[in-house]
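Just so you know, the protein sequences line up as chains A and B, in that order. Following this note's numbering, the numbering of the first sequence begins with 1 at its first residue and continues without gaps. Following this note's numbering, the numbering of the second sequence begins with 1001 at its first residue and continues without gaps. For every residue, glycine included, the Cβ atom is placed at its ideal position computed from N, Cα and C. Data first, discussion second: the structure below is written as structure tokens.
There are 2 protein chains.
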Amino acid sequence: MAQQPPEKETPPPCGNELNADAAHPADRAEQLEQLSLAEQMCVLRHLPADEAAEALAELDGQVARDVLENMDADDAARILSEMWPDDAVDVLDEVDEGHRDVLLNSMTPEDALELRALLTFDPDTAAGVMNTEIILVNSDASVDDAILQIRSELEDKEMPYYVYVVDSMDKLVGVLSLRDLMLSKPGTQVRDAVGKQDLITVSFDADKSEVARILGHYNFLCLPVVDREGHLMGVVTHDDVIDILQDEASADMLGMVGAGQTEDVDTPWLTSVRMRLPWLVINMLNSAMSAFIVYMFEGNIAQMALLAVLMPMVANQAGNTGQQALAVMIRQLATEKFDRRKAWFAVLREAKIGILTGMIMGMLACFSIMLLTDNLLLGAVMGSALLLDMILGAVAGGSIPLILRALGRDPAQASSIFLTALTDGAGFFIFLSLAGLFLLT
Amino acid sequence: MAQQPPEKETPPPCGNELNADAAHPADRAEQLEQLSLAEQMCVLRHLPADEAAEALAELDGQVARDVLENMDADDAARILSEMWPDDAVDVLDEVDEGHRDVLLNSMTPEDALELRALLTFDPDTAAGVMNTEIILVNSDASVDDAILQIRSELEDKEMPYYVYVVDSMDKLVGVLSLRDLMLSKPGTQVRDAVGKQDLITVSFDADKSEVARILGHYNFLCLPVVDREGHLMGVVTHDDVIDILQDEASADMLGMVGAGQTEDVDTPWLTSVRMRLPWLVINMLNSAMSAFIVYMFEGNIAQMALLAVLMPMVANQAGNTGQQALAVMIRQLATEKFDRRKAWFAVLREAKIGILTGMIMGMLACFSIMLLTDNLLLGAVMGSALLLDMILGAVAGGSIPLILRALGRDPAQASSIFLTALTDGAGFFIFLSLAGLFLLT
């Protein structure tokens, strides 16, 4: 965590000196990612185990997996033992199941036992991202004993900013910051230093995005994770939450348009094709439905080809309006607790925005077309279709994430694709049928 | 920061008891937001100033502004003085400039001076979000003196997890965690405890998204902010970064579709209309250009109305392909340092994905149309147009954020609107001109 000077060491004979200057594990990991697999393994083998562990924890998941699967199992186990358990579990989650067992069997039984327990949790839950190396203090102890205990345990624990106070049944009764402890009068009992706290904790099976929301809401450094009986299982720390927030923001944006939620520019391109193709096919089927609507009005278009010119403008404009509403709603669901009443008020708000912007854009379109074509009725049809489709787009954009969430799905997933299907289909239908009623005989 | 028990107090006579149970400022703020302005002001006036300050810091910006602008200036100044300077500046940034002066003049000259200095910084830079209440330790002091100093300053400072070590010229020479200090042998000089550090700092005028990226990269709790000469100005803390990340993720998604980057469901709807309308107009002009392309081929459509049925499918599919590339690239730019070479490799990757998905979707479309219409040539024209437009969409989706960034603009801003203009216009042109060449006489 702290900014430590690089320790002196003889550079490993791995055919490069990239790593010699890297002061921080995150930078060393970035440099490692530039090397070949053989060089990566060589560098990691020659680093002190604790530094190798820190670097491995920072490596991209797929790079770390390749290294662990190809390295000598004993070397790998030695590095894994030095990692914080939550980081080790993150890496092991990537490794092929068979090889994971080989690695775990090469570790000491205690280390393996702890990691196996952590590996059973869903990596998308609080328990899947929590850290188990925490300082527990008994509520009967004195503040002075607690400080002594902390000083003796300090080296083994990741971030002793808080100590967790438990009763004789190991249930969490309170949280003290180092600062609280240092400000307590000598001789005070830990129980009295805790006082009566409104404990804010999270259940072990809570979704990790919920964990991030709570920690962000309260500006905590760590959030205790408890089981159903209130026993402390571990803590989620602020740096895990920063990772979760970055992942969630990406997942929202990528999911909205039907890309793979875990994609980045390092994803193998064929993997990206496999993740995106199903949504492209769904999009194609959606747009085939819109095309069928146009096909029903083929006769109208044959009579007046100008309709085909204006038709995409209606759909495009309503699509854009809807996406604006969609983006606002998806982000709101990602950052805030959101009760049902407030959610539907937000849809109403989008509807009002849709009506006003629809009226403005509709009138603009109406006048422009009247000026360009001298066809007053065509302008009126275009303007009305635009207004109606934009209102629909705004309401749909606001509702789709809420509906997806109510169905137990990710509110962002493919929402843009569903929205476009709706605004395209409805836009074509409204415009072409109004045109059929008022413009053609 | 710590989870403190609520202090006992007589509930204020404000016609509600909502706030009596709120243990945490963030929860109290959430409850305050449900009240009328008069009730909000009454509750804040009756709270102890430090608690009112904490609650005010957590309030939504627009709510906080209304409270400050309507409250008695002396009451408001009393609360502002109790806030951490970075929080006070955030709130004051929202207040009308004239009233801001009134409030500052009601504070003590020292407090006002500090806030006025902070208010000069751009709120989107490191200096605009930094905290100035930090613990400075001279490098000549002993570790024991430093610990004594920290214990005496602890109550005034926001988060003493690190102490900042400066030389006699006030230049930053190192950072020590509380943990480092507690582990140092008594009698050690602070200078020796620091050793030789590779200092990771950020310049005061760095963009706040860059600050978030660096802090997230190194998993730091705080990042020191320095001026051009290396003097320490303040620190940005992990909780600020969590706020920045949530804001940036929202700004990316909202900006992409041309909504206001700071919009949420609490934004007054007319404000939203004002923020979205310019982009809707630009979108309309873009789609008018696409419509003009269709208009050039009006004769073709009059001959074969089926073209108008298929034409939107080409544009829609290429638009979706492009948005997938766009989302990947925007998120990558948001979370990682990204050199020019790697960026264009990422565009190449999108091009490959576009070619393969384009070939697959093109063939699907080609065969479906041949089956449905028995028109082999129409299928071939549709398939080729789809392939070409999807490749264009993928390359454009990958490039637009890079181009916007190279132009010094936000890589997300309106990117989806530009992309759709391109895929629509090109899709119509390619499809209708291929149809003109091969299908019509």
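If you reduce the DSSP assignment to three classes, tell me which class residue i lands in.
i                : result
Q317 of chain A  : helix
T1125 of chain B : strand
H1099 of chain B : helix
Y1161 of chain B : coil
D21 of chain A   : Unreliable positioning characterises D21 of chain A in this predicted model, as indicated by a pLDDT of 49, which lies under 50. The coordinate reading is nonetheless provided below. It is helical.
Q149 of chain A  : helix
A1325 of chain B : helix
L434 of chain A  : helix
V451 of chain A  : Any property of residue 451 of chain A remains undetermined from this structure, which presents chain A solely from 1 to 441.
D1389 of chain B : helix
L1176 of chain B : strand
K342 of chain A  : helix
M1370 of chain B : helix
P197 of chain A  : In the sequence as presented, Pro is not what sits at residue 197 of chain A; that position holds Gln. If DSSP states are grouped into helix, strand and coil, Q197 of chain A belongs with coil.
K171 of chain A  : strand
M382 of chain A  : helix
M71 of chain A   : coil
How close, in whole Å, do the beta carbons of residue i and residue j come, if the pair is a contact with beta carbons under 8 Å?
i                : j                : result
A126 of chain A  : V202 of chain A  : 5 Å
A435 of chain A  : L307 of chain A  : 5 Å
L1419 of chain B : G1319 of chain B : 7 Å
G397 of chain A  : E336 of chain A  : With a Cβ gap of about 18 Å, G397 of chain A and E336 of chain A do not count as contacting.
L333 of chain A  : P401 of chain A  : 6 Å
A206 of chain A  : L245 of chain A  : Rounded, the Cβ-Cβ distance is 15 Å, inconsistent with contact.
S1142 of chain B : V1194 of chain B : At roughly 13 Å, the Cβ-Cβ gap does not stay under 8 Å, so S1142 of chain B and V1194 of chain B are not in contact.
Find the nearest neighbour of residue i within the set the options, judged by alpha-carbon distance.
i                : options                               : result
I330 of chain A  : A:L119, A:A206, A:L364 and A:G255     : A:G255
T108 of chain A  : A:D140, A:S81, A:D90 and A:G128       : A:S81
L1103 of chain B : B:D1124, B:F1220 and B:R1078          : B:R1078
I1282 of chain B : B:A1193, B:A1076, B:V1257 and B:Q1332 : B:V1257
K352 of chain A  : B:A1057, B:T1237, B:S1272 and B:L1136 : B:S1272
V454 of chain A  : A:I400, A:R179 and A:D192             : Missing from the structure shown is residue 454 of chain A; chain A here goes from 1 to 441 and no further.
F338 of chain A  : A:R405, A:F431 and A:L378             : A:R405
G379 of chain A  : A:R409, A:R341, A:R340 and A:F438     : A:F438
V444 of chain A  : A:A38, A:V328, A:V309 and A:E263      : Nothing about residue 444 of chain A can be read from this structure; chain A reaches only from 1 to 441.
F204 of chain A  : A:L232, A:D180, A:L215 and A:Q197     : A:L232
S75 of chain A   : A:D60, A:V89, A:D50 and A:Q261        : Residue 75 of chain A is actually Asp in this sequence, not Ser. Here the closest residue by C-alpha is A:D50.
P1025 of chain B : A:S415, A:H217 and A:L377             : A:H217
E1229 of chain B : B:T1188, B:D1167, B:L1407 and B:H1046 : B:D1167
M1130 of chain B : B:S1106, B:V1095, B:D1243 and B:A1291 : B:D1243
D239 of chain A  : A:R341, A:R45 and A:D87               : A:D87
M1182 of chain B : B:I1150, B:S1209 and B:K1196          : B:I1150
A346 of chain A  : A:A53, A:V395, A:I147 and A:C42       : A:V395
A941 of chain B  : B:L1092, B:A1055, B:D1060 and B:E1058 : Outside the modelled stretch of chain B, which goes from 1001 to 1441, sits residue 941 of chain B, for which no answer is possible.
For residue i, return the contacting residues in chain A, with the cut-off set at a CB-CB distance below 7 Å.
i                : result
H1217 of chain B : A26
H1099 of chain B : The premise fails here: H1099 of chain B is roughly 28 Å from chain A at the closest Cβ pair, so nothing lies under 7 Å.
Y1161 of chain B : Y161
I1135 of chain B : Those within 7 Å of I1135 of chain B in chain A number zero; the least Cβ separation is about 12 Å.
S1209 of chain B : By Cβ distance, chain A contributes nothing, its closest Cβ being about 12 Å from S1209 of chain B, past 7 Å.
Determine the chain B residues that contact residue i at a beta-carbon separation under 8 Å, and present them in chain order.
i               : result
P312 of chain A : S1287, S1290, A1291, V1294, M1311, P1312, A1315, D1424 and F1428
N131 of chain A : Within chain B, no residue comes near N131 of chain A; the closest Cβ sits about 12 Å away, beyond 8 Å.
Please compile the residues from chain A whose C-beta is within a distance smaller than 9 Å of the C-beta of residue i.
i                : result
E1263 of chain B : Q324, A327, V328 and R331
R1151 of chain B : M182 and L183
E1298 of chain B : A305, L306, A308 and V309
Please confirm if residue i has its CB atom under 8 Å from at least one CB of chain D.
i               : result
M253 of chain A : Considering every chain present, this structure includes no chain D. Its protein chains are A and B.
Which residues of chain B have a Cβ atom closer than 7 Å to the Cβ of residue i, listed in chain order?
i               : result
A259 of chain A : Q1324, A1327 and V1328
L47 of chain A  : By Cβ distance, chain B contributes nothing, its closest Cβ being about 17 Å from L47 of chain A, past 7 Å.
Give the residues of chain A in contact with residue i, contact being defined as C-beta atoms less than 8 Å apart.
i                : result
A1302 of chain B : A302 and A305
M1284 of chain B : M313, Q317, M361, L364 and A365
V1063 of chain B : Within 8 Å Cβ-Cβ: nothing; V1063 of chain B doesn't reach chain A, min ~14 Å.
Query raised in the report: Listed in chain order, which residues of the region 332 to 353 of chain A have Cβ atoms closer than 7 Å to some Cβ of chain B?
Result: Q332, T335, A346, R349, K352 and I353
Requested in this report: Taking a Cβ distance cut-off of 8 Å, strictly less, list which residues of the region 168 to 185 of chain A are near chain B, in chain order.
Outcome: G174, V175, L176, S177, L178, R179, D180, M182 and L183
**Report entry** chain B contacts made by the region 78 to 93 of chain A, where a contact means CB separation under 7 Å
**Finding:** Listed by position along the chain: nothing, the set is empty.
Query - the region 228 to 254 of chain A: positions lying closer than 7 Å to chain B by Cβ - result: Sequence-ordered contacts of the region 228 to 254 of chain A with chain B read H238, D239, V241, I242, L245, Q246, A249, S250, D252, M253 and L254 [C-beta pairs closer than 7 Å].
Requested in this report: Note down, in chain order, all residues in the region 353 to 379 of chain A with a beta-carbon under 9 Å from any beta-carbon belonging to chain B.
Outcome: I353, L356, T357, I360, M361, L364, A365 and S368
Requested in this report: Anything in the region 1398 to 1421 of chain B with a Cβ closer than 8 Å to a Cβ of chain A? List those residues in chain order, please.
Outcome: S1416, I1417 and T1420
Requested in this report: Pull out every residue of the region 187 to 211 of chain A whose Cβ sits closer than 7 Å to any Cβ of chain B, in chain order.
Outcome: G195, K196, Q197, D198, L199 and I200
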